[in-house]
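For the record, the sequence lines run as chains C and V. Here this note's numbering is used: the first residue of the first sequence is 1, the next is one more, and so on. Here this note's numbering is used: the first residue of the second sequence is 1001, the next is one more, and so on. The block underneath contains the structure these notes are about, expressed in C-alpha cells.
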Amino acid sequence: MGATLPALAEELLREIEKAFCETSHVPDDLLLALKFIFGASAVPALDLVDRQSVTRITSPSGRQVYQVVGSSGKHYTCYASCHFCSCPAFMFSVLRKGDSLVCKHLLAVYLSQALGSCQELTVPDKQLTRLLLQEEEEEER
Amino acid sequence: MSALQQQQPVPGADPASLLLLLLPRPALLLLGPAGSGRSALSFRAALLGAASSRARALFLAPRPLERLPAGGADAAGAGAIQRIHFLYPPSFRELLQLVASLHETFSCSLSLVVLDGLEEYLGSCSSPAMAAQLVALLLDTANHFSQKLPVESAAGCKLVVSMKLSGEAGEQAEYFSAIERYFPAQCWLHPSTEEIADSGSQGITKLIRARLSQPGTKDQEWLVRFDPQGDMRISLLPCEGEVDGCTASRSNRPPET
C-alpha cells in the first residue's frame, strides 16, 4: 500500500492480519485501535468487508485493481498499490481537506487484504484499462 | 554490475552522484522554475534508467525535446538511448489513457517511467483530484512493472516526474498539494543568479543547485553545471552548514492550502 499511510496505520493493519491469521478473529482491542486511527471510516469499512464488497480484479497482463461496491450500490475503483479511490469522500476529505487518512472504500480494501477476504475476478487487459480510468469515464457521461 | 560502471564517465561528473540525485527512491518529483534544467535532468534520468537495467525506460512529454542534451548518451553508453521509448501524448486526457493502458502496450517490463512537463498537462486537467489520479496511476503502473522485473533487480521500476514551479505556486497550489503527497522524495532546482562567463568566451555556464529532500534522511545538495555547449556536470556539494549562502530548502515550497 502506498507510502501515504502513516507507519502506525500500516502497523495496525499488519497486526490485524497476524491476529486473524492465527485465530480467525480480530480482537476487540485491535478493533478499537482501528476506530481510533481511522475514525468515522472504520465501522462502514468493516461493514463493507462483512458484505464482501471488495473485489480484486486481475487481467492477463498481471495488472490488478480493486473495485468496491459502496453502500449505495455504486462501484468505486481503488488502485492496488497506491493510495487512491475514485469516490467523492476521498477527493474531498483525504485529498483536499486532508482531515482523513482514507475513505471507507480504501480502508475496506486494506482490511480485505489483511483478512484475505477479497472476491477475485479476471477480466481482459482492455477492460482493466477501462476500470483504471473509472472516474474519467464518469465525467464523460 | 550496472552499465554505468562499465562506461567512461563524463569528465567532471560523478556518475554515482548523478544516480543518487535522479533515482534515489521509487518515485521522485523534480521541481524548478523555467530554465532550471528540468528536461535535461529528466532525459538524463531516462538514460541512467536505460543504462542501468536490461529493461526499457519510458519517456513521456508533451512534445519532443528541442535537442537532446549533449554528453548524456556518451556517458550512459550509446545503446542506452535506443532502449528509451519516447511517447508524446498531447493532452492530459490522452496522457491518462496512455498510462492506464501501458500494461497492454508493454508485455516486457520497464525499469523507469519519466514524465517531463507535468505542468503543461495540468493546464488541460479538470480538477486537482484528476491530477492526483494521474500521479497515483503512474505510481501504480510503476509498481505493476516492478513486479514484472526479474527478482534480482530489487530496485524495481522507478518514476521521475518533472514539473515547472517557481516559489509561489499561485493557482497551481491546489494541484500541487494534491500530487505532492505521493512523492516523499522531492528535488528542488534553484538556478544560481551568478553565471560564469566561459574563459573561451563562447557563452555562459549555467549553475543550478539541486536539493533533494526525503523523509528520514538529511537533505542533500548537488551542483549542476551546464556549459555553453549544453554539457551537464553534476557534483555533490558539502552538507549544509559548510556552504555559505545555501538558503534553498523545502521551506520555499508554496503554501499548502
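C-beta atoms are modelled at their ideal positions from N, C-alpha and C, and glycine is treated no differently.
Run down chain C in chain order and give the residues with a C-beta less than 9 Å from the C-beta of residue i.
i       : result
P1150/V : The contacting residues do not exist; P1150/V stays about 14 Å from chain C at best.
L1137/V : Y79, C82, F84, L132 and L133
P1128/V : M91, L95 and R96
Span of the beta strand (DSSP E) holding residue i?
i       : result
L1095/V : Counting along the chain, L1095/V falls outside any beta strand (DSSP E), though it belongs to the alpha helix (DSSP H) covering F1092 to A1100.
F1059/V : R1056 to L1060
H1085/V : I1084 to L1087
S1220/V : Strictly speaking, residue 1220/V in this sequence is Gln, with Ser absent from that position. Looking at the DSSP string, the run of the beta strand (DSSP E) that includes Q1220/V is Q1220 to F1226.
P979/V  : Residue 979/V is absent from the structure shown; chain V starts at 1001 and stops at 1257.
L1165/V : L1165/V -> no beta strand (DSSP E), and no H or E assigned at all.
A1034/V : Where A1034/V is concerned, there is no enclosing beta strand (DSSP E), given that its DSSP letter is neither H nor E.
L1023/V : It is not in any beta strand (DSSP E) - L1023/V carries neither H nor E in the DSSP assignment.
K74/C   : Note, K74/C: premise wrong, no beta strand (DSSP E); not H, not E.
A80/C   : Run containing A80/C: none; DSSP gives neither H nor E here.
A943/V  : The shown model of chain V, from 1001 to 1257, leaves out residue 943/V, and the question about it has no answer.
L1112/V : L1110 to L1115
Am I right that residue i and residue j are in contact with their C-beta atoms under 8 Å? What's the rounded C-beta distance?
i       : j       : result
T129/C  : S1101/V : 5 Å
A1129/V : A1178/V : 7 Å
F84/C   : Q1133/V : 6 Å
H986/V  : H1144/V : Since the first residue of chain V shown is 1001 and the last is 1257, residue 986/V is not available in this structure.
Q67/C   : L131/C  : 7 Å
A1222/V : L1030/V : It should be noted that the sequence gives Trp, not Ala, for residue 1222/V. Between L1030/V and W1222/V the Cβ distance is about 12 Å, and since that is not below 8 Å, they are no contact.
C1157/V : V1114/V : 11 Å between Cβ atoms; not a contact.
L95/C   : L1096/V : Their Cβ separation, rounded to whole angstroms, is 16 Å, which puts L95/C and L1096/V out of contact at 8 Å.
Q64/C   : A80/C   : 4 Å
S1162/V : G1117/V : 7 Å
A19/C   : V26/C   : 6 Å
A1136/V : Y1182/V : 6 Å
G116/C  : Q1147/V : In fact, because the Cβ distance is near 19 Å, the residues do not count as touching under 8 Å.
Identify the contact partners of residue i in chain C, using a Cβ-Cβ distance below 7 Å as the criterion.
i       : result
S1101/V : T129
D1140/V : Y79, A80, S81 and C82
Applying the criterion that 16 or more other CB atoms from any shown protein chain within 10 Å of the CB defines a buried residue, is residue i buried or exposed?
i       : result
L8/C    : exposed
A1050/V : buried
G1012/V : Model confidence at G1012/V stands at a pLDDT of 45, short of 50, so the residue's coordinates are unreliable; what they give is reported in the following sentence. Label assigned to G1012/V: exposed.
G1032/V : buried
Y1088/V : exposed
F90/C   : buried
I1084/V : buried
R1258/V : There is no way to answer for residue 1258/V, as the model of chain V reaches only from 1001 to 1257.
P1062/V : buried
K97/C   : exposed
Q1172/V : buried
K182/C  : Because chain C here runs from 1 to 141, residue 182/C falls outside it and cannot be looked at.
F36/C   : exposed
I1204/V : exposed
G73/C   : exposed
Q1220/V : buried
I16/C   : buried
D1227/V : buried
V1010/V : Any reading at V1010/V is ruled out, since the residue's pLDDT is 42, under 50, leaving its predicted position unreliable.
R14/C   : exposed
S112/C  : buried
C87/C   : buried
G1123/V : exposed
G1037/V : buried
S71/C   : exposed
K126/C  : exposed
M1001/V : Low confidence applies here, because M1001/V scores a pLDDT of 41, under 50, leaving its location unreliable; read the following figure in that light. It counts as exposed.
T77/C   : buried
E10/C   : exposed
C1108/V : exposed
C82/C   : buried
Quick check on the DSSP output: the alpha helix (DSSP H) that includes residue i runs from which residue to which?
i       : result
R1044/V : R1038 to A1051
Y1175/V : A1173 to E1180
S1146/V : P1128 to K1148
T23/C   : A7 to T23
V43/C   : A42 to D50
Q127/C  : D125 to L132
L1236/V : No alpha helix (DSSP H) holds L1236/V; the beta strand (DSSP E) holding it covers M1232 to L1236.
L1122/V : L1118 to L1122
F38/C   : D28 to F38
Residue i versus chain V: which residues are under 9 Å apart at the beta carbon?
i      : result
G62/C  : H1103, H1144, Q1147 and K1148
K126/C : S1101 and E1104
So residue i contacts chain C; which residues on that side make the cut at Cβ distance below 8 Å?
i       : result
A1178/V : L95 and R96
Contained alpha helix (DSSP H) runs [length at least 4] in the region 93-123 of chain C, N- to C-terminal order: 104-115
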